[in-house]
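Numbering (the UniProt record's numbering), first residue to last: 1 to 75. Everything below concerns the one structure shown next.
Right, here's the structure in full:
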């Protein structure tokens, strides 16, 4: 059975179609270092399933490629 390549329930979702290759703004501002650059695609992804839901990754993204999925109880 094939594994699903992407999880849909991670706190931070990167829209690869909007992400600028080589841009590191979201990776650089993440206080937990939860985001990284995928060496194969050269775009950001969430490599650690931890998040403070603080939002600077989404706020700093110039193209709107980053979405922070804040759980209902935190809102």
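Built from N, CA and C at the ideal position, the CB exists for glycine as well. Small disclaimer: the values here were computed from a predicted structure and weren't measured.
On the DSSP bridge list, what partners appear for residue i?
i          : result
residue 67 : 13
residue 35 : 46
Are the Cβ atoms of residue i and residue j separated by less than 8 Å?
i          : j          : result
residue 54 : residue 31 : yes
residue 37 : residue 29 : no
residue 49 : residue 20 : no
Would you mind sorting residue i into buried or exposed? The rule is 16 or more other CB atoms within 10 Å of its CB.
i          : result
residue 12 : buried
residue 66 : buried
residue 69 : exposed
Which residues in the same chain as residue i place their Cβ atom closer than 8 Å to its Cβ, once the five residues preceding and following it in sequence are excluded?
i          : result
residue 16 : 41, 43, 65
In its own chain, which residues sit with a C-beta less than 7 Å from the C-beta of residue i, not counting the 5 before and 5 after it?
i         : result
residue 4 : Low confidence applies here, because residue 4 scores a pLDDT of 47, under 50, leaving its location unreliable and the question unanswered by this model.
Can you find the residues in the same chain that come closer than 6 Å, C-beta to C-beta, to residue i, ignoring five residues on each side of it along the sequence?
i          : result
residue 25 : 60
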